[in-house]
Amino acid sequence: MRLDKFLWFTRLTKTRTLAQALAAEGHLRIDGRAVDRAHAEVRVGQVLSFPLHGRVRVLRVLALPARRGSAPEAQACYDDLAPPPQAANVSQQAASD
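Read in order, the letters of the sequence shown correspond to residues 1 to 97 in this note's numbering.
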C-alpha cells in the first residue's frame with residue numbers, strides 16, 4: 001500500500017495531500033530509512049516514524065486497511081511505539097534534577 005494512502009486511511013493525516021507533503025519534505029522514515037516519496041510501499045511489520053502535531057510518532061504497521069474507516073478501525077491497523085507525552089515530560093524533568 002502507498003505510504004500516503006496508509007497515513008490517510010489510518011486517520012493520521014486529514015488528507016492525502018498532507019501525507020504527500022510530509023513525504024516530499026523528507027520527514028518520514030520507514031524502518032529508519034528516510035523516505036521522500038509518497039508512493040513508497042508500506043508493509044505489515046514495518047516501523048514508521050514522523051513528526052505530527054508537535055511530537056514524534058513511531059508506529060508499527062499491524063494491518064493494511066482496505067478503506068478509510070472509523071477511528072477505532074484505523075487504530076487497530078498500527079501499534080503506537082512512542083512513549084506517551086506525559087511520560088516523556090516526566091523523564092526530562094527527572095534528568096534535569
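Just so you know, even glycine gets a beta-carbon here, dropped at the ideal spot from N, CA and C.
Query raised in the report: In the region 30–96, which residue ranges form an unbroken beta strand (DSSP E) of at least 3 residues, counting only runs that do not cross its ends?
Result: The qualifying runs are 33–35, 47–52, 55–61 and 78–80.
**Report entry** Backbone secondary structure at Arg-11 - three-state DSSP
**Finding:** Taking the sequence shown and counting its residues from 1, one reaches residue 11 at position 11. In the three-state reduction of the DSSP assignment, Arg-11 falls in the coil class, being assigned neither a helical nor a strand state.
**Report entry** Contact belief for Pro-51 with Thr-10 at Cβ below 8 Å, rounded distance in angstroms
**Finding:** Here residue 51 is taken as the residue at index 51 of the sequence shown, counted from 1. Here residue 10 is taken as the residue at index 10 of the sequence shown, counted from 1. Rounded, the Cβ-Cβ distance is 16 Å, inconsistent with contact.
Query raised in the report: What's the C-alpha gap between Val-42 and Gln-20?
Result: As a first step, residue 42 is located in the sequence shown; it is residue number 42 there, counting from the start. As a first step, residue 20 is located in the sequence shown; it is residue number 20 there, counting from the start. Rounded to the nearest angstrom, the two C-alpha atoms are 14 Å apart.
Query raised in the report: In whole angstroms, what is the alpha-carbon distance linking Met-1 and Arg-67?
Result: Within the sequence shown, numbered from 1, the residue matching residue 1 stands at position 1. Within the sequence shown, numbered from 1, the residue matching residue 67 stands at position 67. Rounded to the nearest whole angstrom, the C-alpha separation of Met-1 and Arg-67 is 11 Å.
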